[in-house]
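Below is one structure, written out as C-alpha cells, with a few remarks after it.
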Amino acid sequence: MSVHSARLPIRASLPFALLLSFLVVLWFAGGASRGDVSGQIVVRACAWLTLGVSVLFVTPPREPRLRPVALLVGATTIVALLQLVPLPPSIWQALPGRTIFAEAAAASGQVQPWRPWAIVPWAAANAASSLIVPVVVLFLTASLTANERALLPGVVLCLVCASMLVGLLKLIGAGFDNPFVNDSVGQVAGNFANRNHFALFLALGLILAPVWAYRGGRLPGWRGPMAAAMGLLLVLTILASGSRAGLLVGVIGLCLGLVIVQRGIRQSLSGQPRRVVLLLVGSLVVIGIVLAIATVSSDRAVSITRLVGADMGDDMRSRGLPVVMTMIREYFPAGAGLGGFDPLFRQHEPFHLLKLTYFNHAHDDWLEVVLDTGLIGVLLQGIALLWWGRRSLEAWRRGGALRYAVPKLGSATLLLVFIASLLDYPARTPLMMAIIVLAACWLTEGYDQHRSPALPDAD
3 MSVHSARLPI RASLPFALLL SFLVVLWFAG GASRGDVSGQ IVVRACAWLT
53 LGVSVLFVTP PREPRLRPVA LLVGATTIVA LLQLVPLPPS IWQALPGRTI
103 FAEAAAASGQ VQPWRPWAIV PWAAANAASS LIVPVVVLFL TASLTANERA
153 LLPGVVLCLV CASMLVGLLK LIGAGFDNPF VNDSVGQVAG NFANRNHFAL
203 FLALGLILAP VWAYRGGRLP GWRGPMAAAM GLLLVLTILA SGSRAGLLVG
253 VIGLCLGLVI VQRGIRQSLS GQPRRVVLLL VGSLVVIGIV LAIATVSSDR
303 AVSITRLVGA DMGDDMRSRG LPVVMTMIRE YFPAGAGLGG FDPLFRQHEP
353 FHLLKLTYFN HAHDDWLEVV LDTGLIGVLL QGIALLWWGR RSLEAWRRGG
403 ALRYAVPKLG SATLLLVFIA SLLDYPARTP LMMAIIVLAA CWLTEGYDQH
453 RSPALPDAD
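So in this note's numbering, spot 437 of the sequence shown is number 439, and the numbers just go up one at a time.
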C-alpha cells in the first residue's frame, strides 16, 4: 500500500455500517417491483428496523446541500399518503374517472361510502410503504462523514459486479432461484426480476468503473486494467441479458464514463509514444469486437437478436400506448392513484389487446406517474428535472478536473435512469430507489481531490 493511499475506516461510524448492511439487503431482496414478492417484506422490515436504530442512536443530520433531495423525497411520500385519506362522497365523485364506481354502488343499493383518492387503495398503500427505502437511504447518507461518502461509488460498483457475476452464472446454466424476487424463467437478470432493470444496473457500472479507476486524481495503476476488464464483462453481460433498452443505456453509460475521466486518460497516455497509444487503443477495440462477435455467433447476444428481430407491431408497449394516453386523459388532473395500473388497464383494455400474459405497467414510468398522480405528478417530475438540469450544468461546467468526477457521476447515473424509465419502470425496485437517492446525493457535492478514493488504492 502506498503511504498516501486511503484505507477503509477501521472503525466505521454507525450510519456507515447501517447503510452498507441495508445496501446488501437491497442487493439480495430488493430487485423486484411487485408488491407480493417475499423480498418486499424483508426489505421493508429491515428498512424500518434500520430507521428505528438510526432515530435512537444517530444524530439527526444537518446537510443544507441535500435539502432539495429531502424535499423531493418528502413531497413524493406526502402525495402517496394523501392518496390513502378517505374523502367525502361528494368530493370523491367529483374526481375524474370515478363515475363508473359510483354507479356500481348506486346499482347495488349501497350508500356512497367515503373512499380514498386512489381507486385501488391497497396498491396505493403498497406504493406508500415502498418509499421507506429512499427515506432511510437519504437519512443515512446525510449522516456520513465526507470520507465515508467518498467510499459509496466503490460500494455500488461492488454491488454491480456481484450482480454481473450472478448474471454470468445464470448464462452458463449455473444460476439459482432467488426466493426474494419473481424470477423470469430463461432470462439473464442477475439479482433482478426484470432483465431491463438488470441491464440498467450493469450500465451504471460502465460509468462507475472508470470513475473508480481515476478517483483521487492520481494515475490509475492497477485499477486501470481492472476497470477495463470490468467494462468488457459488463458490456458482454448486457448483450447476453436480452434487454434492448439495456443496449441503449449501456452505450450511453460507456460514453459518459469515458467523458468524465477523459482528462485522466489523457494524462495517463501523455508520456507514452504515439505507437504505444495506438496499439493500446487498437488492442482494446479488437478485443471488444472479437468478444462481441463470439457472443453473437454463439447465440449469447440475446439483446442484439431481439433488437434485430423486433416487430413494433407486436410490441405491447407501442400497442398499449394509445390506451395509456386515453386513461391519462380520463383521470387527469387528479390521477387514478399510485400502483393501480394493472387493474385499471384491464378495465380499459380493448379486446384486440387481450393475451395470456398481463400488462402490469405502462412501460413508460414518466407517463405512468402522470396517470397515477395527475397534475401533481407533472409538477413533481418537472421540478425534479429542473433541479437535475441545474445541478448537472454546474457539475459539467466545472471542467474536466477529476475532483469533480463524483457530481458528474451523479448526473450521469440519474440520466440513465431517466432514459430507462421512458422504456420501463426501474425506479419501482427498492435497489434502484436507493441508487437514485445516492446519485442525487453525489450530484449535490464536489468531492475534494485530496479526500479518500472510492475504493482503497494500492501500488
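Note that CB positions come from ideal geometry on N, CA and C, so glycine has one too. If you're wondering where the values come from, they're calculated on a predicted model, not measured in any experiment.
Taken through DSSP and simplified to helix, strand or coil, L89 comes out as strand. If you look at G252, you'll find it in the alpha helix (DSSP H) that goes 246-262. Between A104 and L340, the CB-CB gap reaches or exceeds 8 Å.
Nearest neighbour of I330 by Cα position, chosen from V237, A191, D367, V157, turns out to be D367.
Its chain contains G41, V183, N184, A195 as the residues whose beta carbon lies nearer than 6 Å to that of A34, once the 5 sequence neighbours on both sides are disregarded; these appear in chain order. Nearest to P136 by alpha-carbon distance, out of P324, A442, L146, is A442. Fewer than three beta-carbon pairs drawn from the stretch 391-411 and the stretch 237-255 are found closer than 8 Å, and the two stretches are therefore not classed as touching. When the beta-carbon positions are compared, V439 and P155 stay at least 8 Å from each other.
The residue among V39, A129, P123, I93 with its C-alpha nearest the C-alpha of A429 is A129. By the criterion of at least three beta-carbon pairs nearer than 8 Å, the stretch 169-180 is not in contact with the stretch 104-123. In this structure, DSSP gives R319 a helical state, which the three-state scheme calls helix. In this chain, the alpha helix (DSSP H) harbouring I80 covers 69-84.
Counting only residues of its own chain and dropping the five nearest sequence neighbours on each side, L83 has a CB closer than 8 Å to the CB of A130. In the DSSP assignment, P212 forms no beta bridge with any residue.
The beta carbon of G226 lies closer than 6 Å to those of A215 in the same chain, with the five residues before and after it left out. In the three-state scheme derived from DSSP, where H, G and I count as helix and E and B as strand, P17 is classed as helix.
Here R400 carries a coil assignment [DSSP, helix/strand/coil]. Put simply, of V45, T61, K410 the residue whose alpha carbon is nearest the alpha carbon of L146 is T61.
The alpha carbon of V263 has as its nearest neighbour, out of V213, R246, P222, G248, the alpha carbon of V213. Counting the other Cβ atoms within 10 Å of the Cβ of R268 gives fewer than 16, which makes it exposed.
As computed with DSSP, P118 is found in a beta bridge with P88. Taking a 10 Å sphere around the C-beta of H365, we find 16 or more other C-beta atoms and assign the residue as buried.
A Cβ-Cβ contact shorter than 8 Å links T79 with L133. An exposed status is given to F59, since fewer than 16 other beta-carbon atoms sit within 10 Å of its beta-carbon.
For H350, the enclosing alpha helix (DSSP H) has its first and last residue at 343-350. Annotation: G32 is outside any alpha helix (DSSP H) and is labelled neither H nor E by DSSP. Ranked by Cα distance from L28, the first of T446, S56, I437, A229 is I437.
About 14 Å separates the CB atoms of L159 and T239; that is not less than 8 Å, and the two are not in contact. In the structure shown, K410 adopts helical secondary structure according to DSSP, grouped into three states.
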